[in-house]
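> These protein sequence lines are chains H and B, in that order. So for the first sequence, numbering that gives the first Met the number 0 puts the first residue at 0; every next one is plus one. So for the second sequence, numbering that gives the first Met the number 0 puts the first residue at 0; every next one is plus one. For every residue, glycine included, the Cβ atom is placed at its ideal position computed from N, Cα and C. Pasting in a structure now, in structure tokens, and then I'll have a few things to ask.
2 protein chains.
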Amino acid sequence: MLPLSGLHVVDLCTYVAGPSACMTLAQLGADVVRVDPIGGATDTRRLPLAPGGRSLYWAGLNRGKRSIEVDLRSEAGRDVVRGLLAVPGDGHGILVTNAVGQAWLRHAALLEVRPDLIQVQIGGRADGRPAVDYTVNCEVGLPWVTGPVDASAPVNHVLPAWDLITGAHAALAVVSAERLRRATGAPQLVEINLADVAVATMAHLGFVADVVVNGSQRLREGNYLYGSYGCDFPTADARRVMVVALTNRHWNNLIRLTGTEDVLAAMEKALGVDFAAEEARYRYRDVISALLRPWFEQRTHADVVAALEGAHILWGDYRTIEEMTRSGDGLLATSGLFTEVDDPALGRYPVPLPVARPSGWAPPVPGPAPAVGADTGNVLSDWLGLSGSEAAGLAETGAVRLPV
Amino acid sequence: MLPLSGLHVVDLCTYVAGPSACMTLAQLGADVVRVDPIGGATDTRRLPLAPGGRSLYWAGLNRGKRSIEVDLRSEAGRDVVRGLLAVPGDGHGILVTNAVGQAWLRHAALLEVRPDLIQVQIGGRADGRPAVDYTVNCEVGLPWVTGPVDASAPVNHVLPAWDLITGAHAALAVVSAERLRRATGAPQLVEINLADVAVATMAHLGFVADVVVNGSQRLREGNYLYGSYGCDFPTADARRVMVVALTNRHWNNLIRLTGTEDVLAAMEKALGVDFAAEEARYRYRDVISALLRPWFEQRTHADVVAALEGAHILWGDYRTIEEMTRSGDGLLATSGLFTEVDDPALGRYPVPLPVARPSGWAPPVPGPAPAVGADTGNVLSDWLGLSGSEAAGLAETGAVRLPV
């Protein structure tokens, strides 16, 4: 038995936030059915593609689900979706969608087919205007404080962080709403907007209060870690490491290893500060880094790594994406989280187990993502009880497409 | 009634991931008690600080919780924590912690006091080595593909995205594990590591498969949106906007507005490509941007914004953190999610409601974060049933500290 065994989720989502939410639910044991428009949604062929033209990106966000291919513009197709939501039973009647503003998907309209529907709706902005990760990120100010100190232009992030955080909160909203429905029997509508997630997170991290209370805002400071001591250093052989001293133990280990205790003590005395306070380490980060840098520049990467490990210093290695993926000591290999999946349409490559490593249940083994519409027949049978000929009849009307 | 009403969570967490997980649980209705060491943990005074010296960062991640101040190095203090976990009742016996590797917090040891304990443990790496957001991010390769195309050094992210994603998954793990415990009565241990979250996310987004299947990896491409068309443009008055054309509707609106239809059509013909395919827009992003840029450079920001809005183009404005916070049309104001909180120790500033906007329940109204140890007395009374004199006796032993 899995934590979400018995939950049946209709996933009417595109791009990152919604699909990742529903994939997470599937990893926890929910039965997730993607509803795809005929031919697949706009993100079905998104880069990167495998040699055969199928999307590795789409596959990565839709594992562990089934896909049913429905003509979402026809009433007959919409009736199929309404039918999926109306399936009786405690664990049915759950919709996650980022299709906002469509009349047929309004919560009030769907309550007519499922009076205790759980609907989690992922939107752009609270006022209904559309937004995606890339148009939200620029609005929170982070691109102006990302990148080299002397950069003159904003620097976008590459990771769609707002999508991913929103997706995880959407999954949580489903499970939380279902807990409440079991207690009260009442329907649940939860709206989560990318822009809300972004601005609320900026508040949680103190960015907003800093402006309002102190009248100050975070400056661009390169690769430094704000508020404490963290800096990247090049090694003699042009590799690079990130070193972090959050606690006094980290700090003491770092200055002992680099032989900078005496000079830093003299500096503390002359400046009248105490680097045992992380605020002081942060304020004097430039001079600290200038003192530490020669130690790194005079050693090869291998020597630096061995010394950092031996001294129990908190550090990270700058790797390329390829090194992360292929190196024997890269994050992929050392996580132990990956198993090789052989996808007939995409090839053989490693796929991760869920990030939540449980001792009380066995997560589903990773497998290929479905082809769009691969499960139309079996979902019509499993969820709606349609016979093969009934499904074929429905396909003839054009409401659904059966796999060939 | 709230979705997580009846859940009682012990939050033994520092920094971002764990505290944000437990704050999210509190926003959904859980009763969350932070266990703080005497004087507060290492992150209690993290920047930014309010004028009085209290941390705005810490306050942002610990709202809606109570705080009990315990000597975690003494057996008597640890007995208090074990007592909090052993409180009878279905919704008790839930621990979230990022204190890994401490013998007294091992799951097997804690099962002796609470046989059906739910324990969600947030770690650094799967092999037990420590890691923080900043030491994980460099290992996944993103800093080498973030920032200007001609940058020679890696560019760190400023948002601790891995912490935040991990935190949201930890909250989900609590609620999911509790669902399973109610069904089976069995204890649950779930481990979530920052490094796992990072590398698994890189796999979900297709980065890993691209390396293994295609032998290619993402290149540094500045502020472009990978795989489709998205680019930032300066305006005549030196402001900046991000424009995104994910769908053909977006694309057609954009080229119609900028009057580039004919030249792009001629280019499509000459190159033998079709910009209706986002892959083609992505491949020719530089030449497309060069054609679009004059339209933006010849107009003021106000004119550009009015035209983009009128043409229903998907776009975002580059704002500073201060503009996000203070502008009447910034994300904070337009979200409608914030209420002003008057915190006696920190000042008056806006604090967000939960990002999940429900129709079926009323989220708790945001309030100040607790001072460290502010609730020691009432938690000892509520959870453990101690009288005032019993609590005072415990404080005399040094196991806990009562607020003055």
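Run through the region 227 to 304 of chain B for me and flag every whole beta strand (DSSP E) of 3 or more residues, listed as ranges in chain order.
228 to 233 and 239 to 244
> Looking only at its own chain, which residues have a Cβ that is under 7 Å from the Cβ of GLU68/H, when we skip the five neighbours before and after it?
ASP35, ILE37, VAL371, GLY372, THR375, VAL399 and ARG400
> Which residues mark the beginning and the end of the alpha helix (DSSP H) in which LEU188/H is found?
Where LEU188/H is concerned, there is no enclosing alpha helix (DSSP H), although the beta strand (DSSP E) it sits in stretches over 187 to 192.
> What are the start and end residues of each continuous alpha helix (DSSP H) run of 4 or more residues lying completely inside the region 154 to 215 of chain H, in chain order?
160 to 183, 193 to 203 and 206 to 213
> Helix, strand or coil, according to DSSP, for ARG356/B in the structure here?
strand
> Hey, ALA40/B and ALA169/B: beta-carbon distance below 7 Å or not?
no
> Tell me the DSSP bridge mates of GLY346/H?
ASP342/H
> Could you work out which residues of chain B lie near ASN463/H, taking near to mean beta carbons separated by less than 8 Å?
Only positions 0 to 403 of chain H appear in the structure, and residue 463/H is not among them; the question remains open.
> Using 7 Å as the limit for Cβ to Cβ distance, is LEU141/B near chain H?
yes
> At a CB-CB cut-off below 7 Å, which residues of chain H make contact with ARG298/B?
None at all; the shortest Cβ gap to chain H is about 18 Å.
> CA-CA distance, ALA102/B and PRO402/B?
C-alpha separation (whole angstroms): 29 Å.
> Which of the three DSSP states, helix, strand or coil, is assigned to VAL148/H?
coil
> How would you label PRO47/B, buried or exposed, when you count the other beta carbons within 10 angstroms and need 16 or more for buried?
With at least 16 other beta carbons inside 10 angstroms of its own, PRO47/B counts as buried.
> I want to verify the contact list: residues of chain H whose CB lies under 7 Å from the CB of SER73/B, in sequence order.
The contacting residues do not exist; SER73/B stays about 20 Å from chain H at best.
> Out of curiosity, what's the CA-to-CA distance linking ASP115/B and MET241/B?
51 Å
> Could you run through the region 338 to 359 of chain B and flag, in chain order, every residue whose CB is less than 7 Å away from some CB of chain H?
LEU345, GLY346, TYR348, PRO349, VAL350, PRO351, VAL354, ALA355, ARG356, PRO357, SER358 and GLY359
> Please report the Cβ distance between ASN97/B and THR13/B, rounded to the nearest whole angstrom; I am assuming they are in contact, meaning their Cβ atoms lie under 8 Å.
6 Å
> Please list the partners that PHE232/H has in chain B, where partner means a Cβ-to-Cβ separation under 9 Å.
Those do not exist, as PHE232/H stays about 11 Å from chain B at its closest Cβ, beyond 9 Å.
> Let me see if you follow: with CB-CB separation under 7 Å, is PHE206/B close to chain A or not?
The displayed structure is made up of protein chains H and B, and chain A is not among them.
> Is the CB of GLN187/B under 7 Å away from at least one CB in chain H?
yes
> So which of PRO159/H, ASN251/H and VAL80/H has the shortest CA-CA distance to LEU291/H?
When each option's Cα is compared against that of LEU291/H, the closest is ASN251/H.
> Near ASP231/H, what residues of its chain come up, given a Cβ to Cβ distance below 8 Å and the 5 sequence neighbours on each side ignored?
ASN222, ARG239, VAL240, MET241, VAL242 and TYR317
> Can you pull the chain B residues whose beta carbon is under 8 Å from the beta carbon of TYR281/H, in chain order?
LEU46
> For MET0/H, does the count of other Cβ atoms within 10 angstroms reach 16, so buried, or fall short, so exposed?
Classification for MET0/H: exposed.
> Are GLN187/B and ARG180/B touching if we call contact CB-CB under 7 Å?
yes
> Out of curiosity, what's the CA-to-CA distance linking ASP341/B and ARG347/B?
Rounded to whole angstroms, ASP341/B to ARG347/B spans 4 Å at the Cα level.
> Would DSSP call LEU383/H helix, strand or coil?
coil
> Out of curiosity, what's the CA-to-CA distance linking THR43/H and ARG53/H?
8 Å
> By alpha-carbon positions, which one of SER151/B, ALA167/B, LEU141/B and LEU171/B ends up nearest to ASN155/H?
LEU141/B
> Applying a beta-carbon distance threshold of less than 9 Å, which residues of chain B neighbour ALA130/H?
LEU313 and GLY315
> First and last residue of the beta strand (DSSP E) that includes HIS7/H?
7 to 11
> Find out if the Cβ-Cβ distance for the pair THR396/H, ALA172/H is shorter than 7 Å.
No, these two residues do not count as a Cβ contact at 7 Å.
> Between which two residues does the beta strand (DSSP E) holding THR324/B run?
Where THR324/B is concerned, there is no enclosing beta strand (DSSP E), although the alpha helix (DSSP H) it sits in stretches over 320 to 325.
> With a threshold of 7 Å between beta carbons, is CYS137/H in contact with chain B?
For CYS137/H, the closest Cβ of chain B is nearer than 7 Å.
> I think HIS300/B touches ASP236/B, with their Cβ atoms under 8 Å apart; what is that distance to the nearest whole Å?
5 Å
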